[in-house]
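Take the sequence shown: its letters are residues 957 to 1083, numbered as in the numbering used here. Glycine is no exception: its CB is placed at the ideal position from the N, C-alpha and C atoms. This report concerns only the one structure given below.
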Amino acid sequence: MKVGSLQAGEVGYMAANIKAVDHARVGDTITLTKAVTGINMVHTHTHTPSNRSENAIPASSGVTPLPGYAPPKPMVYAGLYPSDPDDYDNLRDAMLKLKLNDAALSFQPETSTALGFGFRSGFLGEL
957 MKVGSLQAGE VGYMAANIKA VDHARVGDTI TLTKAVTGIN MVHTHTHTPS NRSENAIPAS
1017 SGVTPLPGYA PPKPMVYAGL YPSDPDDYDN LRDAMLKLKL NDAALSFQPE TSTALGFGFR
1077 SGFLGEL
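Structure follows, in structure tokens:
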């Protein structure tokens, strides 16, 4: 059933031309900003300035995120390194695909003198 909007706690879907998964996160508030800016564009709004996406509009627009969502905070960390240094790009691609299924996963590049290039990965619970 087509509806004009969803409120906190409701579930729905939308089709969008989002090129990177990190541009919209679980819990983001998504708005059509035509009424705000006069331009028909979809934007995401997150709760913390450090997590704002490239598509986010300024807080001065009067659009605020819906309440009740807090970004996941990793509690367990692991360093993941490819067994062959040439597989670093494959590992990065695999981590990005895993992030599609687990929005709580976080990872960032890390370098070890002994292991080479890898990723510091954060998870919510036991691995």
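Among the options, which has the Cα closest to the Cα of residue i?
i: A1026; options: G1074, L962, Y1044 and D984; result: D984
i: A964; options: K958, I986 and A976; result: I986
i: V967; options: M957, N973 and K975; result: M957
i: D1043; options: Q1064, N1057, F1063 and G1072; result: G1072
i: K1055; options: G1078, M970 and I974; result: G1078
i: K975; options: D1058, S1062, L1052 and D1040; result: L1052
i: R981; options: D1058, L962 and A1050; result: D1058
i: Y1033; options: P1023, L962 and S1062; result: S1062
I'd like the list of long-range same chain contacts for residue i, defined as Cβ closer than 8 Å, with 5 residues on each side in sequence excluded.
i: N1046; result: P1038
i: V959; result: G968
i: T1067; result: F1073 and G1074
i: N1007; result: With a pLDDT of 43 at N1007, under the threshold of 50, the predicted position of this residue should be treated as unreliable, though the coordinate-derived value follows. Contacts found: R981 and P1027.
i: P1005; result: Confidence at P1005 is low in this model, with a pLDDT of 45, below 50, so its placement is unreliable and no value can be given for it.
Once you ignore the five residues that flank residue i on each side, which residues in its own chain have a CB closer than 7 Å to its CB?
i: L1080; result: P1028, P1030, M1031 and A1060
i: P1023; result: A964
Against chain B, does residue i count as a neighbour if the rule is that its beta carbon must be under 9 Å from one of theirs?
i: S1039; result: No chain B appears in this structure, which consists of one protein chain only.
Just list the residues that DSSP pairs residue i with in beta bridges.
i: E1066; result: G1074
i: L1036; result: F1075
Quick one: measure Cβ to Cβ for residue i and residue j, integer angstroms, because I've assumed they're closer than 8 Å.
i: Q1064; j: R1076; result: 5 Å
Using a Cβ-Cβ cutoff of less than 6 Å, which residues in the same chain neighbour residue i once the five nearest sequence positions on both sides are dropped?
i: S961; result: none
i: P905; result: In the structure as shown, the chain begins at 957 and stops at 1083. Residue 905 is therefore absent and cannot be evaluated.
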